[in-house]
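Asker: As numbered in the working numbering, residues 163 to 781 make up the sequence shown, in order. Where a beta carbon is used, it is the ideal one built from N, C-alpha and C, also for glycine. Below you will find the structure I want to go over with you.
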Amino acid sequence: MKKLMISAMLLLGIAVSNAQQINNSVSIIPYPNQVNVGVGNFEFDSSTRICYISKEDKKIAELLREFIKNNYALDLAISDKNQKGNSILFSSAQNIGSTNPEAYELSINKDNIKIYGQGPGLFYGLQSIIQLFPISHSTSIKLPVVSIKDEPRFSYRGMHLDVGRHMFPIAFIKKYIDFLASYKINRFHWHLTEDQGWRIEIKKYPKLAQIGGFRNQTLIGNYKVNGDFDNTRYGGFYTQEEAKEIIQYAMDRYITVIPEIELPGHALAALSAYPELGCGDNPGPYTTAQTWGVFDDVFCAGKEKTFEVLTDILDEIITLFPSEYIHIGGDECPKKKWETCPHCQNRIKENNLKNEHELQSYFIQRIEKHINKKGRKIIGWDEILEGGLAPNATVMSWRGDKGGIAAAEQGHDVIMTPNSYGLYFDHKQGPDSNREPLSIGGFSTFEKVYNADPMPKGLAMDKQKHIKGVQANVWTEYIETSNKVEFMLLPRLLSLSEIAWTLPGNKNWKSFAYDRVATELAKIDQTTTVYRVPEVYGLKDTVIYASEYTIKGLVPSVKGAKIYYTLDDYDPSELDLEFNKEVKISVPNNKQRVFKAVVITPNGRKSNYIKAVISNTKK
Ligand code: ACM
Ligand code: ZN
163 MKKLMISAML LLGIAVSNAQ QINNSVSIIP YPNQVNVGVG NFEFDSSTRI CYISKEDKKI
223 AELLREFIKN NYALDLAISD KNQKGNSILF SSAQNIGSTN PEAYELSINK DNIKIYGQGP
283 GLFYGLQSII QLFPISHSTS IKLPVVSIKD EPRFSYRGMH LDVGRHMFPI AFIKKYIDFL
343 ASYKINRFHW HLTEDQGWRI EIKKYPKLAQ IGGFRNQTLI GNYKVNGDFD NTRYGGFYTQ
403 EEAKEIIQYA MDRYITVIPE IELPGHALAA LSAYPELGCG DNPGPYTTAQ TWGVFDDVFC
463 AGKEKTFEVL TDILDEIITL FPSEYIHIGG DECPKKKWET CPHCQNRIKE NNLKNEHELQ
523 SYFIQRIEKH INKKGRKIIG WDEILEGGLA PNATVMSWRG DKGGIAAAEQ GHDVIMTPNS
583 YGLYFDHKQG PDSNREPLSI GGFSTFEKVY NADPMPKGLA MDKQKHIKGV QANVWTEYIE
643 TSNKVEFMLL PRLLSLSEIA WTLPGNKNWK SFAYDRVATE LAKIDQTTTV YRVPEVYGLK
703 DTVIYASEYT IKGLVPSVKG AKIYYTLDDY DPSELDLEFN KEVKISVPNN KQRVFKAVVI
763 TPNGRKSNYI KAVISNTKK
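Put into structure tokens, the structure is as follows:
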């Protein structure tokens with residue numbers, strides 16, 4: 163009933179509670195869908211007991227115990243006997259009136275805390291309560307009295323990582339998954355194959371990883387600007403044992419790993435290992451790509467051998483990955499080689515296909531049939547609409563939202579990940595390239611992501627049920643290190659999490675950015691994790707014509723951080739003046755003053771500057 167109610171409110175666009183009023187009250191991301199703030203606190207002491215009902219509940223209760231022990235030096239007892247007062251109970255036995263396994267209830271009272279929900283719901287209740295712990299790691303822990311009933315807006319909440327262009331250690335993949343879990347993301351889309359590298363061991367075709375996993379050199383700097391190479395061999399791959407470790411690690415955090423095997427395009431690394439799968443009678447040799455972009459050499463759609471090898475590969479992938487969805491790519495497949503390949507042209511003729519677009523559709527449908535036979539479903543980038551969608555395919559809409567809308571109108575399920583919604587986390591995070599690290603271009607701030615609604619405008623009401631969720635992507639052409647992945651992920655992941663989970667009426671940018679993100683970033687700031695410090699709030703790059711001007715209302719983007727400024731156009735640092743309340747600027751006739759402000763966090767990290775030019779000249 164509760165679920166029905168939330169769905170109905172969702173359709174009507176009505177907030178479950180008055181978000182504007184309460185959003186400042188509890189610091190949880192994504193913001194829960196029903197919150198009632200009370201008076202007072204629950205205070206921990208050494209005799210607070212963590213209680214649980216079932217063995218499954220115990221696993222989650224243990225996670226809280228560990229969290230408190232590691233962060234607040236308090237080693238609490240854990241027990242299957244429910245202690246009435248001074249206790250925290252984890253229970254999946256309680257009926258919370260929702261059939262959604264991701265739903266949970268969290269009530270913090272003065273003398274006890276209760277968290278109710280099924281496996282994933284209980285885990286999400288844990289994530290919520292963890293975020294309510296204080297920034298300071300003193301042993302005085304007080305949590306606000308509050309009652310929360312919560313469940314997600316979308317069932318699919320995804321985050322992607324491209325390990326083809328650059329790969330990252332298993333330990334980092336786990337850390338990445340930890341971040342997803344903290345913000346209730348439940349799918350990890352692992353982009354495992356690319357032109358520049360094949361990253362997953364396939365036992366029947368070992369050369370895929372051994373040859374396709376390596377390239378002789380890599381482009382350095384910007385492709386379009388200098389096009390120079392590092393002259394250094396790069397590569398590696400994940401063994402099936404390592405993949406199993408990641409799958410289990412993610413599963414323990416209620417995250418499904420969706421593997422992606424790219425076909426028919428983005429296949430150069432595979433072709434470098436097995437050139438016979440390319441077009442023509444004498445294909446190859448091919449080399450694993452060393453630059454970025456889209457390449458003409460793709461899998462031949464005419465040869466039976468191609469389908470034999472690809473279905474063998476997919477069989478190993480299906481055995482390894484329990485995910486219902488298997489991602490088969492489908493994007494950016496040039497048709498040039500197919501146009502002149504006798505095998506591809508034969509295939510077109512024999513199957514009465516109109517053109518190479520229908521040949522792409524033939525390719526995808528044949529792969530889909532095989533995957534469906536194994537009890538799984540395909541998901542592919544929106545190019546799989548070309549020439550006709552495979553009957554059971556789910557579409558990942560990335561080139562804007564047109565593909566998503568078209569697929570939903572045809573009755574297909576859709577995951578929204580449009581670059582135009584800011585969901586390409588490889589895009590730069592500020593407007594000025596000179597203030598940002600090298601990136602592929604584009605422009606997506608965490609505010610842009612926050613303001614995106616995954617439900618495309620104009621989609622008919624009766625088709626909206628096909629929008630299953632939302633995802634953001636980290637493509638790694640220009641992201642070589644784990645640190646840079648973190649920088650591109652944070653804080654945009656927090657915005658993704660809220661648009662995926664929270665009903666639109668419960669969203670509130672000011673509470674999100676100024677309060678809740680600022681609190682989360684203050685916690686992250688205490689760790690070695692890299693993140694992008696948002697620019698100071700309350701000012702944008704601007705020119706103001708005045709002889710006297712007072713800058714006020716600036717707020718640091720991280721709790722506990724300070725704002726420093728200059729008036730001489732130098733880049734501010736902690737060596738400069740600290741901003742407190744306001745700065746009065748007086749500008750002589752025909753002169754200007756350049757006010758630049760930065761945020762510097764307790765751990766010494768610095769934001770980009772924001773600049774206001776105060777000009778005492780005629781406009
Ligand atoms: C894509 O960005 N080529 C899916
Ligand atoms: Zn061919």
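Please state the DSSP three-state secondary structure of Gly287.
Answerer: helix
Asker: Take Arg528 as the anchor and find which of Ala675, Leu472, Glu740 has the nearest alpha-carbon.
Answerer: Leu472
Asker: Measuring alpha carbon to alpha carbon, tell me which of Phe757, Ala723, Ile776, Pro696 ends up nearest Ser769.
Answerer: Pro696
Asker: Would you grab the beta carbon distance between Arg361 and Met329 for me? Rounded to a whole angstrom, and I think it's under 8 Å.
Answerer: 6 Å
Asker: Measuring only the C-alpha atoms, how far is Gln591 from Ile310?
Answerer: Here the alpha carbons of Ile310 and Gln591 stand approximately 33 Å from one another.
Asker: Using alpha carbons as the reference points, say which of Lys743, Ser302, Tyr640, Phe252 lies closest to Gly287.
Answerer: Phe252
Asker: Of all the options Ala431, Glu403, Arg377, which has the alpha carbon lying nearest to the alpha carbon of Leu370?
Answerer: Ala431
Asker: Relative to the alpha-carbon of Ile686, which residue among Leu658, Lys337, Asn508, Tyr193 has its alpha-carbon at the smallest distance?
Answerer: Lys337
Asker: Can you name, in chain order, every residue of its own chain whose Cβ lies under 7 Å from the Cβ of Glu438, other than the five neighbours on each side?
Answerer: Pro445, Lys467
Asker: Counting pairs of beta carbons, one from the segment 233-247 and one from the segment 255-269, are three or more of them closer than 8 Å?
Answerer: Taking 8 Å as the limit for Cβ pairs, the verdict is that the segment 255-269 does not touch the segment 233-247.
Asker: Rounded to whole angstroms, what is the Cα-Cα separation between Val188 and Ile602?
Answerer: The straight-line gap from Cα to Cα measures roughly 37 Å.
Asker: For Ala181 and Tyr193, I'd like the C-alpha separation in whole angstroms.
Answerer: Because the pLDDT of Ala181 is 39, which lies under 50, any placement of that residue in the model is unreliable, and the number read from its coordinates should be weighed accordingly. Their backbone Cα atoms lie some 9 Å apart in a straight line.
Asker: Can you name the start and end residues of the alpha helix (DSSP H) that Ser748 belongs to?
Answerer: Segment 744-748 is the beta strand (DSSP E) holding Ser748; no alpha helix (DSSP H) there.
Asker: DSSP has Thr704 in a bridge; who is on the other side?
Answerer: Ala774
Asker: Taking the alpha carbon of Tyr727 as the point to measure from, which residue in Gln633, Glu520, Phe757, Thr704 has its own alpha carbon closest?
Answerer: Of the candidates Gln633, Glu520, Phe757, Thr704, Phe757 places its Cα closest to the Cα of Tyr727.
Asker: Looking at Thr254: is its Cβ nearer than 8 Å to the Cβ of Ser216?
Answerer: Residue identity check: residue 254 is Ser in the sequence provided, not Thr. Taking 8 Å as the Cβ cut-off, Ser254 and Ser216 qualify as a contacting pair.
Asker: So, are the CB atoms of Leu665 and Arg315 less than 8 Å apart?
Answerer: yes
Asker: In chain order, what residues have a CB nearer than 6 Å to some heavy atom of the ligand ACM?
Answerer: This selection yields Asp493, Glu494, Trp543, Trp560.
Asker: Can you have a look at Gln410 and say buried or exposed, based on whether 16 or more other CB atoms are within 10 angstroms of its CB?
Answerer: Burial call: exposed.
Asker: Going by DSSP, what residue range makes up the alpha helix (DSSP H) through His322?
Answerer: Counting along the chain, no alpha helix (DSSP H) covers His322; the unbroken beta strand (DSSP E) around it starts and ends at 318-324.
Asker: Just the C-alpha distance for Asp312 and Phe674, rounded to the nearest angstrom, thanks.
Answerer: 17 Å
Asker: Between the C-alpha atoms of Ala723 and Phe741, what's the straight-line distance to the nearest angstrom?
Answerer: 11 Å
Asker: How would you write the range of the alpha helix (DSSP H) that His351 sits in, first residue to last?
Answerer: Note, His351: premise wrong, no alpha helix (DSSP H); beta strand (DSSP E) at 349-353.
Asker: Taking C-beta to C-beta, are Ile533 and Ile488 nearer than 8 Å?
Answerer: Yes, the pair counts as a contact, with Cβ atoms nearer than the cut-off.
Asker: Can you pull the DSSP bridge partners for Arg211?
Answerer: Under DSSP, Arg211 takes part in a beta bridge, and its partners are Ala239, Ser249.
Asker: In chain order, what are the residue ranges of uninterrupted beta strand (DSSP E) at least 3 long that sit wholly in the segment 462-498?
Answerer: 487-491
Asker: Is it a yes or a no for the segment 457-464 touching the segment 496-510, going by three-plus beta-carbon pairs under 8 Å?
Answerer: yes
Asker: Any heavy atom of the ligand ZN within a distance shorter than 7 Å of the CB on His505?
Answerer: yes
Asker: Does the distance between the C-beta of Trp500 and the nearest non-hydrogen atom of the ligand ZN fall short of 7 Å?
Answerer: yes
Asker: What does the alpha-carbon distance come out to for the pair Ile449 and Gln358?
Answerer: The question names Ile, but residue 449 in the sequence shown is Thr. The alpha-carbon of Thr449 is positioned some 9 Å away from that of Gln358.
Asker: Evaluate His353 with the Cβ neighbour count: other Cβ atoms within 10 Å of its Cβ, from every protein chain shown; 16 or more gives buried, anything less gives exposed.
Answerer: buried
Asker: Report yes if the CB atom of His589 is closer than 8 Å to the CB atom of Gly566, and no otherwise.
Answerer: no
Asker: Could you tell me whether the Cβ atoms of Gly491 and Glu424 are closer together than 8 Å?
Answerer: yes
Asker: Here's a check: name, in chain order, each residue in its chain whose Cβ is nearer than 8 Å to the Cβ of Pro331, leaving out the five neighbours to either side.
Answerer: Within the same chain, Cβ atoms closer than 8 Å to the Cβ of Pro331 are found at Ser644, the five residues on either side in sequence being excluded.
Asker: Confirm, please, whether the CB-CB distance from Asp563 to Pro484 is below 8 Å.
Answerer: no
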